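Worksheet for the structure shown next.
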Amino acid sequence: NPATMMNSAINSYRVNSALEVLVAKQQISSIEADSAKQSYLHFVANDEVRKCLATFDEKEDRLDVFLNHAYKRFNVSKELVKFTEIVLVMFHGNAAVERSFSINKNCLVENLQENSLVSQRAVYDAVSNMGGLASLVITKRLIHAVKNASQMRKEALKRKKEEDEKVEEKKTSLSEEIKQIESKKRQILQAAQEQALELEK
1 NPATMMNSAI
11 NSYRVNSALE
21 VLVAKQQISS
31 IEADSAKQSY
41 LHFVANDEVR
51 KCLATFDEKE
61 DRLDVFLNHA
71 YKRFNVSKEL
81 VKFTEIVLVM
91 FHGNAAVERS
101 FSINKNCLVE
111 NLQENSLVSQ
121 RAVYDAVSNM
131 GGLASLVITK
141 RLIHAVKNAS
151 QMRKEALKRK
161 KEEDEKVEEK
171 KTSLSEEIKQ
181 IESKKRQILQ
191 AAQEQALELE
201 K
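full-length UniProt numbering puts the first residue of the sequence shown at 1, with every later residue one more than the last.
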């Protein structure tokens, strides 16, 4: 809520609490959390930002749209954008967001990944915008998409696995390089010590 964001007495505490929860639930990494926090604190400390936040009207403005425009205007970090998107999806900030996102309590399950949650919300919003299930038109394109959904999911999981494997390979390679450097360092030190002993004789 923009009013909370302008309240220096509680905004830092609340953003810290939210980030701790998301890190614990593995929705974001600790590095992303630190970056989001720094970007947020810098954002709310800006006088121009505070003037912008003061224009928010709970009755007229959608919080997600309002913050999106503000973030683009003041060029915040991508980590803060990601954090805000997750918070808007998972929690209620005001009536405008609540109307759009209250269904989330029925979507959330333990260990649900961010992409899955966002996808569920996208489906819900699309159906709602068409007037609900009763107004939904089942097209050939929709049927085709449903038929291909399982295969697309498998391909996405495969890509994710390959990306994770590449990251692990890089970590392993880097670890081996470090070990080799440390080994060479020990050999050089040992040789230097032996030479020093020879000179002392």
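Beta carbons are placed, not taken as given, at the ideal position from N, Cα and C, and that holds for glycine. Note that this is a predicted model, so its numbers are computed, not measured.
Which parts of the segment 54 to 94 are runs of the alpha helix (DSSP H), unbroken and 4 residues or longer, counting only runs that do not cross its ends? 63 to 74 and 78 to 90
Taking VAL81 as the reference, which of ASP57, ASP125, SER35 and VAL49 has the closest Cα? Along the sequence shown, one-based indexing puts residue 81 at 81. Out of ASP57, ASP125, SER35 and VAL49, SER35 has the C-alpha closest to the C-alpha of VAL81.
Taking buried to mean at least 16 other C-beta atoms within 10 Å of its own C-beta, is THR84 buried or exposed? Sequence index remark: in the sequence shown, residue 84 carries index 84 (1-based). Buried, by the Cβ-count rule.
Indicate the three-state DSSP secondary structure (helix, strand or coil) for ILE28 in the structure shown. Within the sequence shown, residue 28 is the residue found at index 28, counting from 1. ILE28 falls in the coil class under three-state DSSP.
Three or more C-beta pairs below 8 Å linking the segment 43 to 63 and the segment 1 to 19: Enough Cβ pairs lie closer than 8 Å, so yes.
Measuring straight from C-alpha to C-alpha, what distance separates VAL137 and ARG62? Residue mapping note: residue 137 aligns to position 137 of the sequence shown, counting from 1. Residue mapping note: residue 62 aligns to position 62 of the sequence shown, counting from 1. Whole-angstrom Cα-Cα distance: 28 Å.
Span of the alpha helix (DSSP H) around THR4: The sequence position of residue 4 within the sequence shown is 4, counting from 1. Element bounds for THR4: 2 to 5.
Suppose you measure from the CA of ASN129 to the CA of LYS171; what does that come to, to the nearest Å? Counting from 1 along the sequence shown, the entry for residue 129 is found at position 129. Counting from 1 along the sequence shown, the entry for residue 171 is found at position 171. Using only the alpha carbons, I get a separation of about 46 Å.
Among GLU165, ILE31 and SER17, the one whose alpha carbon lies nearest that of SER77: Here residue 77 refers to the residue found at position 77 when the sequence shown is read from its first residue. For the residues GLU165, ILE31 and SER17, the minimum Cα distance to SER77 belongs to ILE31.
How would you label LEU88, buried or exposed, when you count the other beta carbons within 10 angstroms and need 16 or more for buried? Taking the first residue of the sequence shown as position 1, residue 88 is located at position 88. LEU88 comes out buried.
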